[in-house]
Amino acid sequence: MGRVVVVSNRVAVPRRGEPTAGGLAVALKDVLKSSGGLWFGWSGETRKEPTSRETRRIRSAGIDYATIDLNEQDHKGFYAGFSNATLWPLFHFRLGLMEYDRKHAEAYRRVNRDFAEALLPLLGPQDTIWIHDYQLIPLAAELRALGAKQRIGFFLHIPFPPFAVLSALPDCDKLLKDLLAYDLVGLQTRRDLAGLVNCFSEGLGLEVDAEGGVRGESGGHMRRTQLAAHPIGIDTRGFATLARKAAFTPETQRLVKSMGDRALIVGAERLDYTKGLPHRMRGVAALLANFPEHLNNVTYLQVAARSRNEVASYRDLKRELDSLAGRINGDYGTFDWTPVRYVARAMARDTLAGFYRAARVGLVTPLRDGMNLVAKEYVAAQDPEDPGVLILSQFAGAAETMDGALLVNPLDAQAMGETLDRALRMPLAERRDRWTRMMSGLEEQTAMRWAENFLTELEELPLSGEELIWA
Ligand code: G6P
Numbered sequence: 042m043g044r045v046v047v048v049s050n051r052v053a054v055p056r057r058g059e060p061t062a063g064g065l066a067v068a069l070k071d072v073l074k075s076s077g078g079l080w081f082g083w084s085g086e087t088r089k090e091p092t093s094r095e096t097r098r099i100r101s102a103g104i105d106y107a108t109i110d111l112n113e114q115d116h117k118g119f120y121a122g123f124s125n126a127t128l129w130p131l132f133h134f135r136l137g138l139m140e141y142d143r144k145h146a147e148a149y150r151r152v153n154r155d156f157a158e159a160l161l162p163l164l165g166p167q168d169t170i171w172i173h174d175y176q177l178i179p180l181a182a183e184l185r186a187l188g189a190k191q192r193i194g195f196f197l198h199i200p201f202p203p204f205a206v207l208s209a210l211p212d213c214d215k216l217l218k219d220l221l222a223y224d225l226v227g228l229q230t231r232r233d234l235a236g237l238v239n240c241f242s243e244g245l246g247l248e249v250d251a252e253g254g255v256r257g258e259s260g261g262h263m264r265r266t267q268l269a270a271h272p273i274g275i276d277t278r279g280f281a282t283l284a285r286k287a288a289f290t291p292e293t294q295r296l297v298k299s300m301g302d303r304a305l306i307v308g309a310e311r312l313d314y315t316k317g318l319p320h321r322m323r324g325v326a327a328l329l330a331n332f333p334e335h336l337n338n339v340t341y342l343q344v345a346a347r348s349r350n351e352v353a354s355y356r357d358l359k360r361e362l363d364s365l366a367g368r369i370n371g372d373y374g375t376f377d378w379t380p381v382r383y384v385a386r387a388m389a390r391d392t393l394a395g396f397y398r399a400a401r402v403g404l405v406t407p408l409r410d411g412m413n414l415v416a417k418e419y420v421a422a423q424d425p426e427d428p429g430v431l432i433l434s435q436f437a438g439a440a441e442t443m444d445g446a447l448l449v450n451p452l453d454a455q456a457m458g459e460t461l462d463r464a465l466r467m468p469l470a471e472r473r474d475r476w477t478r479m480m481s482g483l484e485e486q487t488a489m490r491w492a493e494n495f496l497t498e499l500e501e502l503p504l505s506g507e508e509l510i511w512a
C-alpha cells in the first residue's frame with residue numbers, strides 16, 4: 042500500500058488537553074499511521090487576507106498534518122453558506138430549509154480550488170488520496186485540473202438524495218460531474234447508492250455498468266468511477282471498554298444516584314434539525330400523556346451540543362427546543378421530578394459512554410441521517426447482562442443493518458410514545474436477544490474495517506483509466 046492522504050474540512054490535529062478523538066478519527070489515524078500518511082484540511086482559522094497556499098505542518102505519532110487558513114469571506118460563503126445552508130439541507134431532504142446564493146456557490150468552488158492548490162505540492166505520484174464529505178465534492182476535479190493523476194476516492198458521510206430532490210439545486214449537474222473525477226465514490230447505505238445512481242441516470246444520462254461503475258467525461262477526459270456502499274462503523278471494542286470504565290466515574294455515579302429508581306432515556310447529538318429533536322420531545326410528551334404509569338418513573342436526558350450557530354436555522358432550532366423542554370416540564374413535571382433534562386452543550390466522550398450504559402433506552406430518532414454513530418455507540422456501551430433498548434429512526438442509515446432496534450417513524454409522536462412504553466417494559470430475555478444480534482454486527486463492521494475496505498477497493502481499481510476525448 043502506498044502513502045494514504047486523507048482530506049477533510051476539519052482535521053483532528055492532536056492538541057494538548059483536548060478530549061480524545063472520536064472513533065472515526067481514530068480509525069483514519071490508524072490507517073494513516075500504518076502508511077506514513079498525511080491528513081490535510083482547514084486549520085480552523087480565518088484571515089482577512091486572501092487564502093495563501095502556505096500550509097502549517099506538524100508531525101505527531103507517525104502522521105503528518107498539513108492545514109491551511111482560509112480567507113474570512115470565502116470561508117463564510119463556503120462553510121455557513123453553500124456547505125451548510127445549501128448542501129446540508131438538500132442532501133437531508135429538507136428543501137424548505139435550503140437557501141441558495143450564487144456567491145456562496147462561487148466561494149465553495151474557490152475554497153475547493155484553494156485546497157487543491159495547497160495540497161498538490163505535498164503529493165507524491167504513488168499516493169492514494171481519500172477525500173471526505175460534502176464540503177469537498179469538487180476537490181478531485183480541481184486536483185485533476187492541476188494535473189493530479191493519483192487514485193482519488195471520495196466518501197460521503199451524509200445521505201445522497203434521488204434526482205427529484207437534488208434537482209432543486211441550480212447547476213446540480215456540475216456537482217454530479219465533479220464526482221466523475223473520482224476513481225471511487227463511497228456512500229453509507231444501499232439507499233444512498235440508489236439515490237446517486239438515479240441522479241447519474243436522470244441528471245447526466247449515465248447508466249451504471251454491470252460492475253457498479255459509471256463512465257463519463259470529466260475535465261476533457263473519459264473516466265470511469267466506481268460507486269459502492271461502504272457503511273461506516275465504530276471502534277466497537279474500544280467504546281465498550283470506555284463505557285465499562287466510565288460506569289465508575291463520578292459523573293455517571295452522580296447521574297445514577299440522581300435517577301433513584303427511575304428509568305433513564307438518553308439522547309445525544311449535535312443540535313441539528315436533521316436529528317429530529319423537537320419530534321423526539323413530542324414523542325416523550327406522548328409517552329407521558331398516554332401512559333400515565335410512567336409519570337414520575339422515567340427521565341429523558343437530552344444532550345444537544347451547540348453547532349453551526351452562524352446558520353439561522355440552527356439558532357431557530359435552539360429556541361424551539363428551549364421552549365418545548367420548558368413546556369413538557371411545566372405540563373408533566375412535579376416539585377421533585379423533572380421529566381426532561383435538556384443540556385445544550387457538548388459533553389466529553391467518556392462521560393457520554395457512561396451515560397449510555399446507565400440508560401434503559403437509547404432514543405436515536407433523526408429525520409434523516411447518513412449512518413448515525415450514536416446508535417452504534419449506545420449499543421456498544423451496554424452491559425451484556427442487562428442491556429438497554431435502542432429505539433431507532435427508520436430514516437437513519439444505521440436502520441439498514443441494526444435489526445435488533447425498535448424502529449420508529451419520528452414524525453409519528455403517538456407511535457414514538459407507544460414504542461417508548463414497549464422499550465421500558467421489555468423483558469430481559471428480549472433485550473439480551475436484540476442486543477446480541479446488534480452487537481455481533483457491530484463487532485464485524487468496525488470503523489477500522491470500513492477504512493480498510495474502502496482503501497482496498499480504491500487501490501485495486503486500475504490506475505486512472507483516462508482517455509483523452511479532445512486534444
Ligand atoms: C457531520 C458531517 C461532518 C462534520 C460534522 C460536524 O458529521 O458529516 O462533515 O464535520 O457533522 O459539523 P461541523 O460543521 O462542525 O464540521
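Okay, so the sequence shown: first residue is 42 according to our numbering, each after it adds one.
Don't be surprised by glycine CBs; every beta carbon is placed ideally from N, CA and C.
Review point. DSSP beta-bridge partners for residue 310?
Key: Residue 310 sits at position 269 when you count from the first residue of the sequence shown. According to DSSP, which records beta bridges pairwise, residue 310 is partnered with 345.
Review point. Run through DSSP, which three-state label would residue 448 get?
Key: Translated into positions along the sequence shown, residue 448 becomes position 407. Of the three classes helix, strand and coil, the one that applies to residue 448 here is strand, per DSSP.
Check your understanding: Which term fits residue 294, buried or exposed, when burial requires 16 or more other beta carbons within 10 angstroms of its beta carbon?
Key -> In the sequence shown, counting from the first residue as 1, residue 294 sits at position 253. Burial call: exposed.
Check your understanding: Between residue 495 and residue 227, which are expected to be in contact by the criterion C-beta below 8 Å, what is the C-beta distance as a whole number of angstroms?
Key -> Start at 1 with the first residue of the sequence shown, and residue 495 comes out as number 454. Start at 1 with the first residue of the sequence shown, and residue 227 comes out as number 186. Going by Cβ atoms, the distance from residue 495 to residue 227 rounds to 5 Å, so yes, they are a contact pair.
Point to revise | Inter-residue CB distance, residue 431 and residue 479 (contact presumed, cutoff 8 Å) | key: Taking the first residue of the sequence shown as 1, we reach residue 431 at position 390. Taking the first residue of the sequence shown as 1, we reach residue 479 at position 438. Yes, they are in contact, since the Cβ atoms of residue 431 and residue 479 sit about 7 Å apart, within 8 Å.
Check your understanding: Cβ of residue 411 within 8 Å of any heavy atom in ligand 1?
Key -> As a position in the sequence shown, residue 411 is number 370, starting the count at 1. The answer is yes for residue 411.
Point to revise | Rounded separation between residue 271 and residue 366 - CA only | key: Taking the sequence shown and counting its residues from 1, one reaches residue 271 at position 230. Taking the sequence shown and counting its residues from 1, one reaches residue 366 at position 325. Rounded to the nearest angstrom, the two C-alpha atoms are 37 Å apart.
Review point. Does ligand 1 have even one heavy atom less than 8 Å from the beta-carbon of residue 350?
Key: In the sequence shown, counting from the first residue as 1, residue 350 sits at position 309. No, ligand 1 has no heavy atom inside 8 Å of this Cβ.
Practice item. Could you spell out the range, first to last residue, of the beta strand (DSSP E) harbouring residue 270? Key: Translated into positions along the sequence shown, residue 270 becomes position 229. Start and end: 262 to 270.
Practice item. Pull up the distance between the alpha-carbon of residue 278 and that of residue 69, whole angstroms please. Key: To locate residue 278, count along the sequence shown from 1; it is residue 237. To locate residue 69, count along the sequence shown from 1; it is residue 28. Using only the alpha carbons, I get a separation of about 16 Å.
Check your understanding: In angstroms, rounded to a whole number, what distance separates the CA positions of residue 410 and residue 400?
Key -> Translated into the one-based positions of the sequence shown, residue 410 becomes position 369. Translated into the one-based positions of the sequence shown, residue 400 becomes position 359. Roughly 22 Å between the two C-alpha positions.
Check your understanding: residue 112 and residue 147: beta carbons closer than 9 Å?
Key -> The count along the sequence shown starts at 1 and reaches residue 112 at position 71. The count along the sequence shown starts at 1 and reaches residue 147 at position 106. In this structure, residue 147 does not lie closer than 9 Å to residue 112 by Cβ.
Check your understanding: Excluding five sequence neighbours on each side, which residues of the same chain lie with their C-beta closer than 7 Å to the C-beta of residue 84?
Key -> Numbered from 1 along the sequence shown, position 43 holds the residue referred to as residue 84. The residues are 97, 108, 109, 110.
Check your understanding: Quick one: is the Cβ of residue 176 within less than 8 Å of any heavy atom of ligand 1?
Key -> The residue you call residue 176 lines up with position 135 of the sequence shown. Result yes, Cβ under 8 Å from ligand 1.
Check your understanding: Per the contact definition of three or more C-beta pairs closer than 8 Å, is the region 125 to 143 in contact with the region 184 to 192?
Key -> no
Practice item. Assign residue 383 to one of three DSSP states: helix, strand, or coil. Key: The residue you call residue 383 lines up with position 342 of the sequence shown. Strand at residue 383.
Practice item. Go ahead and label residue 509 buried or exposed: buried means 16 or more other beta carbons lie within 10 angstroms of its beta carbon, across all protein chains shown. Key: Locating residue 509 in the sequence shown gives position 468, where the first residue counts as 1. In this prediction, residue 509 has a pLDDT of 48, which is less than 50 and means its spatial position is unreliable; nothing more can be read from the coordinates.
Review point. According to DSSP, is residue 155 helix, strand or coil?
Key: The residue you call residue 155 lines up with position 114 of the sequence shown. In this structure, residue 155 counts as helix in the three-state DSSP scheme.
Review point. So, is residue 512 buried or exposed, given that buried needs 16 or more other C-beta atoms within 10 angstroms?
Key: One-based indexing of the sequence shown puts residue 512 at position 471. Residue placement at residue 512 cannot be trusted, given a pLDDT of 38 that sits under 50; the coordinates are not used to answer.
Check your understanding: Taking residue 211 as the reference, which of 475, 131, 465 has the closest Cα?
Key -> What you label residue 211 is simply residue 170 of the sequence shown in a count that begins at 1. It is 131.
Check your understanding: Is there contact here, the region 251 to 267 with the region 207 to 221, by at least three beta-carbon pairs under 8 Å?
Key -> yes
Exercise for review: On a CA-only basis, which of 314, 316, 340 is nearest residue 325? Give me that one, please.
Suggested key: Indexing the sequence shown from 1 puts residue 325 at position 284. Nearest option by C-alpha distance: 340.
Practice item. Please go through the same chain and pick out, in chain order, the residues whose beta-carbon is closer than 7 Å to the beta-carbon of residue 161, but skip the five residues on each side of it. Key: Counted from its first residue, the sequence shown places residue 161 at position 120. The answer, listed in chain order, is 184, 187, 189.
Check your understanding: Does the region 341 to 350 touch the region 293 to 312, meaning 3 or more C-beta pairs lie closer than 8 Å?
Key -> yes
Point to revise | Burial state of residue 460 (16 or more Cβ within 10 Å) | key: Here residue 460 refers to the residue found at position 419 of the sequence shown. Its Cβ being crowded by 16 or more others within 10 Å, residue 460 is buried.
Exercise for review: For the beta strand (DSSP E) holding residue 196, just list the boundary residues, first then last.
Suggested key: As a first step, residue 196 must be located in the sequence shown, where it is residue number 155. 192 to 196 is the span of the beta strand (DSSP E), which, as asked, contains residue 196.
Practice item. Would you please state the rounded distance, in angstroms, between the beta carbons of residue 428 and residue 317? I believe it to be under 8 Å. Key: Along the sequence shown, read from residue 1 onward, the residue named residue 428 stands at position 387. Along the sequence shown, read from residue 1 onward, the residue named residue 317 stands at position 276. Between residue 317 and residue 428 the Cβ distance is about 24 Å, and since that is not below 8 Å, they are no contact.
Check your understanding: Between residue 375 and the rest of its own chain, which residues show a CB-CB distance below 7 Å, the 5 nearest in sequence each way excluded?
Key -> As a first step, residue 375 is located in the sequence shown; it is residue number 334 there, counting from the start. Excluding sequence neighbours, residue 375 sits near 337.
Exercise for review: Taking the CB atoms as reference points, tell me whether residue 266 and residue 314 lie closer together than 9 Å.
Suggested key: For the purposes of this step, residue 266 is taken as residue 225 along the sequence shown, with counting starting at 1. For the purposes of this step, residue 314 is taken as residue 273 along the sequence shown, with counting starting at 1. Their beta carbons are not under 9 Å apart, which means residue 266 does not touch residue 314 by this criterion.
Point to revise | Simplified DSSP state of residue 512, which is helix, strand or coil | key: Locating residue 512 in the sequence shown gives position 471, counting from the first residue. In this predicted model, residue 512 has a pLDDT of only 38, less than 50, meaning its place in the structure is not dependable; the value taken from the coordinates is given anyway. Correct three-state label for residue 512: coil.
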